[in-house]
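Following this note's numbering, the residues of the sequence shown are numbered contiguously, the last one being 432.
Just so you know, even glycine gets a beta-carbon here, dropped at the ideal spot from N, CA and C.
For reference, the structure discussed in these notes is given below.
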Amino acid sequence: MNKLIDDLKWRNLFKELIIEKDISKIFFLKNKKFYLGIDPTADSLHIGHFLTINLANLIYKNTDLTPIFVLGGFTAQIGDPSGKKSERKLIDQKTIANNCNKIKKQLETLCKNLNINDYQIFDNFDIYKNLTLIDFFKKYGKSINISKMLSREVVKSRLDVGISYTEFSYQIFQAIDFLYLFENKDVLIQLGGSDQLGNILTGIEFIKKINGRDLLIGGITVPLLTDENGNKIGKTEGNPLWIAKEKLSPYFIYQYLYNLSDPFAKKLLLQLTSITKEQFLKLEKIHLSEKKDRILQKELIKRLFFVFYGNNQEYEKFSNISKYLFAEQYQSIDEKILLDIFKNIDNFKYDFKEDLFTQLKKHNFISSKREFNQYLKDKAIKIDQKLILETDFKLNKNDFLKRNIIILSLGKKKKIFIKIN
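This is the structure:
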């Protein structure tokens, strides 16, 4: 049995090996490559992408294969229907090109921090930019089996509600990507999320139909990254943990990971890092004897923060101030750090002529006096640690003597920056 496959099974880092005996043989080859595609529908990677990137890291470290990261500069303009119940909104080429540039820089940083020194980043727009419609049908159309495409779950699940030809054709173009990389860059394996299984199978069948059935070629799918309730973590679901500091303060990733249950922290430590079995068993033993110290959670944060940000300064910063953040003792935290942590939250400038209710309603944080009064009744409005109980509460200039911002908590999760006007 292949040691790497054994390790990946231990980590629960793959859903499907297509086909295991072929993948095992490919892992022993030299001067060959594998690829994973990244859909540039946003200008940053998020933690969900890192499942496949870590799989690439482990393959690179334990074989002689090297990775190619394929940015979907062309296919993102079509829209992947995988995992979607309705048609995607089309994104213009300029936005996609900008997203590709930013993701390319992120990948370069991640590869540097992971010590992946031999890799390529390729934009699939280069495959199609000179392809005419007649060439597409003559070169590729004759080799595509429509009946098999219709049988794929991603298509079957949409037939009742409808799927456009644009999204239906996504499978074809992902298959062409695989074919191009196989013929021009010695790629033998495609990596992808479990929702990509149908697309990967279409690509393998397409390549074998054109180049021969006995080819050694395969695919690996990873399980989708979900939260502890089984909900997918990602952009479409509205809960992405962005890797880019500009989009999300690292504190929110710190907070999310620190609060994981022990079983889930163990799961992500194995799936998102390269911790060895020996290292993990030793760490788990310490964790079981000192559970209150959240050792698994801290190790997961340290390892991911080093890969995402290149050092552990962010980890040290947040571990030092986390007790104040969790207790909402914002006055104890440096204003510059506080601004960095909450830079993406809603905010408004305070008008001292009006009470708090009037301004919250004006800025659409609440809809009515009744809703405001319910918050008061539930003791759910706080400014720093101060509980607000008065219906006509007003801030005054003395509240801003020490700093120019105040953090208002509205309910358990909503935070709002109030700035001095």
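Burial state of residue i, where buried means 16 or more other Cβ atoms lie within 10 Å
| i | result |
| --- | --- |
| W253 | buried |
| E310 | buried |
| W21 | exposed |
| G422 | exposed |
| Q282 | buried |
| F185 | At residue 185 the sequence reads Gln, which differs from the Phe that was named. It is buried - the Cβ of Q185 has at least 16 other Cβ atoms within 10 Å. |
| F133 | buried |
| I356 | exposed |
| Q207 | buried |
| G152 | exposed |
| Q370 | buried |
| G203 | buried |
| F38 | buried |
| I157 | exposed |
| I297 | exposed |
| I264 | buried |
| F148 | exposed |
| L144 | exposed |
| L192 | buried |
| L47 | buried |
| L199 | buried |
Pairwise C-alpha distance: residue j and residue i
| i | j | result |
| --- | --- | --- |
| L66 | K26 | 12 Å |
| M12 | Q201 | Any answer about M12 is weak, because its pLDDT of 47 lies below 50 and its placement is not dependable; what the coordinates show is given next. Spanning the two alpha carbons is a distance of roughly 21 Å. |
| I89 | S175 | 10 Å |
| F376 | F136 | 43 Å |
| E289 | L19 | 15 Å |
| R445 | L15 | Outside the shown range of the chain (12 to 432) lies residue 445, about which nothing can therefore be said. |
| F45 | N210 | 16 Å |
| K36 | T74 | 11 Å |
| L56 | I70 | 20 Å |
| P274 | L268 | 12 Å |
| A108 | L121 | 20 Å |
| C111 | N222 | 31 Å |
| F61 | Q266 | 18 Å |
| S180 | L190 | 15 Å |
| L24 | K258 | 27 Å |
| L400 | S343 | 23 Å |
| N395 | L101 | Note that residue 395 corresponds to Asp in the displayed sequence, not to Asn. Each residue's Cα considered, the two are about 42 Å apart. |
| K72 | I312 | 21 Å |
| S333 | K426 | 16 Å |
Cβ neighbours of residue i in the same chain (closer than 8 Å, five flanking residues each side left out)
| i | result |
| --- | --- |
| P261 | F316, F319, Y320, E325 and F329 |
| Q117 | S55, L56, I254 and A255 |
| L406 | Y361, F363, L367, I394, I417 and I429 |
| K390 | L398 and L400 |
| K302 | D273 |
Whether residue i touches residue j by CB criterion (8 Å)
| i | j | result |
| --- | --- | --- |
| I350 | Y341 | Sequence check: residue 350 is Leu here, not Ile. Against a cut-off of 8 Å, the Cβ pair of Y341 and L350 comes out as no contact. |
| F404 | I416 | no |
| I228 | L28 | no |
| T77 | D129 | yes |
| A87 | T52 | yes |
| D197 | K41 | no |
| D188 | I138 | yes |
| K360 | K430 | yes |
| Q182 | M160 | yes |
| I58 | L236 | yes |
| N68 | S285 | yes |
Residues near residue i in its chain [Cβ-Cβ closer than 7 Å; skip 5 each side]
| i | result |
| --- | --- |
| R414 | E346 |
| K408 | F363 |
| D238 | I244 |
| N124 | F317, V318 and G321 |
| S154 | F217, K220 and I221 |
| V7 | With the chain running from 12 to 432 in the structure shown, residue 7 is simply not present. |
| D410 | I417 |
| I30 | G229 |
Cβ separation of residue i and residue j, assumed to be a contact under 8 Å, to the nearest whole Å
| i | j | result |
| --- | --- | --- |
| I244 | P234 | Not a contact, Cβ separation roughly 12 Å. |
| F85 | I49 | The pair is not a contact, with the Cβ atoms about 13 Å apart (cut-off 8 Å). |
| T402 | L419 | T402 to L419, Cβ: 16 Å. No contact. |
| I114 | L82 | 6 Å |
| Q308 | L367 | About 36 Å separates the two Cβ atoms, so there is no contact after all. |
| L294 | I306 | 6 Å |
Residues of its chain near residue i, where Cβ-Cβ distance is below 6 Å and the 5 sequence neighbours each way are ignored
| i | result |
| --- | --- |
| K219 | L226 |
| A500 | No answer is possible for residue 500: it lies beyond the span of the chain, which begins at 12 and ends at 432. |
| I352 | S260 and Y262 |
| K393 | S420 |
| P383 | Residue 383 is actually Phe in this sequence, not Pro. F368 and I377, listed in sequence order. |
Closer than 7 Å: residue i CB and nearest the ligand NAP heavy atom
| i | result |
| --- | --- |
| K309 | By its list of ligands, the structure shown contains no ligand whatsoever, and the ligand NAP lies outside what it can speak to. |
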